[in-house]
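Just remember that our numbering sits 10 ahead of the position in the sequence shown, which is counted from 1. Where is the CB? At the ideal position from N, CA and C, for every residue including glycine. These numbers were taken from a predicted model, which means no experiment stands behind them.
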Amino acid sequence: MSQDVAEFTAPQLLTTHIVDSAAEALEAVQAADVLDLGVRVYNRLVPDADDAESLEEEWVVEVYTSAPAVDPDADED
């Protein structure tokens, strides 16, 4: 096992924000970047609160203590 692998600690989840638009999600990502924090962003469909038969989109922004490390030599499938 290499020394780099032995010293790796996974980023810790600090907070999760749910926003209504991609613009708000982008603003949260930019703020995290200023603070040198890691983020994970994804969107999902949830039932509309006003109409049970339709769905609405929401954006989830998870903020971590640091960005995950990526090995540039690793092959992606």
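Handout entry: Per-residue DSSP class, three states only, for Leu23
Key = The count along the sequence shown starts at 1 and reaches residue 23 at position 13. Strand, per DSSP.
Practice task
Inspect the beta-carbon positions of Ala20 and His27 and report whether they are closer than 7 Å.
Solution key: Within the sequence shown, the letter at position 10 stands for residue 20. Within the sequence shown, the letter at position 17 stands for residue 27. No, they are not a contact pair.
Problem - Which listed residue (Leu45, Ala59 and Arg50) has its alpha carbon closest to that of Glu67 - result: By one-based count along the sequence shown, residue 67 stands at place 57. When the alpha-carbon of Glu67 is set against those of Leu45, Ala59 and Arg50, the nearest one is in Ala59.
Exercise for the section: Per DSSP, which residues does Leu65 bridge with? Please list them. Expected result: Stepping through the sequence shown from its first residue, residue 65 is reached at position 55. According to DSSP, Leu65 bridges with Pro57.
Problem - For Val73 and Ala42, believed in contact at Cβ under 8 Å, the rounded distance - result: Counting from 1 along the sequence shown, the entry for residue 42 is found at position 32. Counting from 1 along the sequence shown, the entry for residue 73 is found at position 63. Taking the Cβ atoms as the reference, Ala42 lies roughly 5 Å from Val73, within the contact range of under 8 Å.
Practice task
Note down the Cα distance separating Thr75 from Pro57, rounded to an integer number of angstroms.
Solution key: By one-based count along the sequence shown, residue 75 stands at place 65. By one-based count along the sequence shown, residue 57 stands at place 47. Rounded to whole angstroms, Thr75 to Pro57 spans 31 Å at the Cα level.
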